[in-house]
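Following: one structure in structure tokens, then a few remarks.
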Amino acid sequence: MQRILTRGEIETLDRTSIVRLILAAPDTFSIRAQRLRDLSTDNPIEDYLLLIALLADAQQAVFAQDWSLTAIDETQLAQAQAHGMPPFSHRSTPRDPVWREILTAIIEQLLNASLPDAVRENLAQLLDDTINSPELIEQEGDALLNQALENIDAARAPFIMAALQVYWSQLVAGLDSKKIPAHTPFGLCPCCGSQPVSSTVLLGGPKEQIRYATCSLCSSQWHIVRVVCTHCEDTKKVAYHSLEEGRAGIKAESCDACQRYRKIFYLDKEQFAEAFADDLASLPLDILMGEVQFYRANNNPYLWQLAE
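Those letters in the sequence shown? Residues 120 to 427, by our numbering.
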């Protein structure tokens with residue numbers, strides 16, 4: 120039987136023994152694709168989960184290619200260390216135009232698959248814009264990275280974001296995690312400065328019962344103490360919600376201080392949970408949180424719900 124650490128025990132753990140940062144695995148996107156397929160059966164959004172599984176497959180195929188991205192130089196890394204900022208911040212790192220080639224490659228991969236007509240038409244238009252209207256695509260990329268919801272096309276967003284994920288995952292893949300600044304802004308990825316999609320309490324070895332947030336952009340994971348709001352860092356007004364007939368390994372962690380929530384997964388109860396797939400496949404829990412007047416801290420990159 121596994122013993123769950125209490126809040127006091129978690130806070131007194133030797134922090135020097137905790138792995139602070141876990142970079143994305145080379146097969147991150149294929150793992151995500153398989154998990155989406157596993158979760159799709161009898162799910163209310165089964166068709167959408169299967170579509171995103173195809174998208175994750177395309178991401179994996181494109182991620183495996185060599186895009187010859189410029190590695191971080193020591194000066195850039197030293198500046199990040201000096202200022203306690205993510206070395207590949209999405210706000211300050213200029214995007215190499217190659218990211219649009221990544222988007223083109225992802226779309227071409229998808230167009231080889233069996234797709235609904237509406238999706239195929241959407242992708243064909245996106246491909247045309249990527250080739251012939253690059254400034255438009257750059258503007259849409261900016262809107263997504265900056266969460267400018269009023270400028271986001273929800274039908275195109277998952278595919279554009281998929282390319283940005285592959286691009287940033289490749290940028291970050293070459294980092295030495297030990298050289299990442301020890302202290303970066305709370306609640307943001309230490310590598311690229313993006314918000315987490317969700318958090319996961321891991322299982323096994325030195326990571327047993329330790330909570331990690333997963334970056335919505337580069338898929339890096341970083342340690343965040345449990346029973347702390349991942350959005351505003353409040354510790355006093357955190358609560359947990361679940362569906363009566365939902366899976367035991369998934370909860371919504373809410374905060375009365377900021378009225379936001381993110382989902383948290385427990386691998387001791389849901390061994391194969393994946394931060395993006397399980398978040399996407401648990402929309403009924405999002406509906407429950409909306410009914411009790413809590414709001415998502417940020418969107419899942421594969422599903423954009425635009426605020427009024």
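Even for Gly, the Cβ is constructed at its ideal location relative to N, Cα and C.
Source: prediction; values computed, not measured.
Let me make sure I understand the geometry here. Which of Gln-378, Thr-354, Lys-355, Lys-382 has the alpha-carbon closest to that of Ala-367?
Here residue 367 corresponds to residue number 248 of the sequence shown, with the count starting at 1. Closest by alpha carbon: Lys-382.
Can you list the beta strand (DSSP E) stretches of 3 or more residues lying completely in the segment 302 to 370, in chain order?
List check, beta strand (DSSP E) in window: 315 to 320, 330 to 334, 340 to 342, 357 to 360.
Helix, strand or coil for Ile-406, going by three-state DSSP, please let me know.
Mapped onto the sequence shown, residue 406 falls at position 287. In the structure shown, Ile-406 sits in a helix (DSSP, three-state: H, G or I).
Have a look at Cys-308 and Asp-405 and give me their C-alpha separation to the nearest angstrom.
Walking along the sequence shown from the start, residue 308 turns up at place 189. Walking along the sequence shown from the start, residue 405 turns up at place 286. Roughly 23 Å between the two C-alpha positions.
Checking the sheet assignment: what are the DSSP bridge partners for Leu-142?
Within the sequence shown, the letter at position 23 stands for residue 142. Bridge partners of Leu-142: none, in fact.
Segment contact flag, the segment 192 to 204 with the segment 158 to 176, C-beta cutoff 8 Å, min 3 pairs
Result no; under three Cβ-Cβ pairs closer than 8 Å.
Of the listed residues Thr-194, Ala-371, Ile-329, Leu-402, nearest to Tyr-380 (C-alpha basis):
The residue you call residue 380 lines up with position 261 of the sequence shown. Scanning Thr-194, Ala-371, Ile-329, Leu-402 for the CA closest to the CA of Tyr-380 turns up Ala-371.
Limits of the alpha helix (DSSP H) - the one that Arg-239 falls within
Within the sequence shown, the letter at position 120 stands for residue 239. DSSP places Arg-239 in the uninterrupted alpha helix (DSSP H) bounded by 236 to 251.
Buried or exposed, going by whether 16 or more other CB atoms sit within 10 Å of the CB of Val-411?
By one-based count along the sequence shown, residue 411 stands at place 292. Val-411 comes out exposed.
So, do the segment 240 to 248 and the segment 268 to 281 have three or more beta carbon pairs nearer to each other than 8 Å?
Counting Cβ pairs under 8 Å, three or more are found: they touch.
List the whole-angstrom C-beta distance separating Gln-340 from Ile-141, where the pair is believed to meet the contact cut-off of C-beta under 8 Å.
Reading the sequence shown from its first residue, position 221 is the one you call residue 340. Reading the sequence shown from its first residue, position 22 is the one you call residue 141. 4 Å between Cβ atoms; contact.
Between the alpha carbons of Gln-378 and Phe-413, how many angstroms are there, rounded?
Looking up residue 378 in the sequence shown gives position 259. Looking up residue 413 in the sequence shown gives position 294. Spanning the two alpha carbons is a distance of roughly 5 Å.
I'd like to check one pair, Gly-409 with Thr-303: are the Cβ atoms closer than 9 Å?
Numbered from its first residue, the sequence shown carries residue 303 at position 184. Numbered from its first residue, the sequence shown carries residue 409 at position 290. Their beta carbons are not under 9 Å apart, which means Thr-303 does not touch Gly-409 by this criterion.
Return yes when the Cβ of Pro-205 is within less than 9 Å of the Cβ of Ile-137, no when it is not.
In the sequence shown, counting from the first residue as 1, residue 137 sits at position 18. In the sequence shown, counting from the first residue as 1, residue 205 sits at position 86. Contact: no.
Going straight from the alpha carbon of Ala-396 to that of Ala-144, what length do you get?
Within the sequence shown, the letter at position 277 stands for residue 396. Within the sequence shown, the letter at position 25 stands for residue 144. So the two alpha carbons sit approximately 16 Å from each other.
Residues bridged to Ser-373 by DSSP?
By one-based count along the sequence shown, residue 373 stands at place 254. DSSP lists Ala-358, Tyr-380 as partners of Ser-373.
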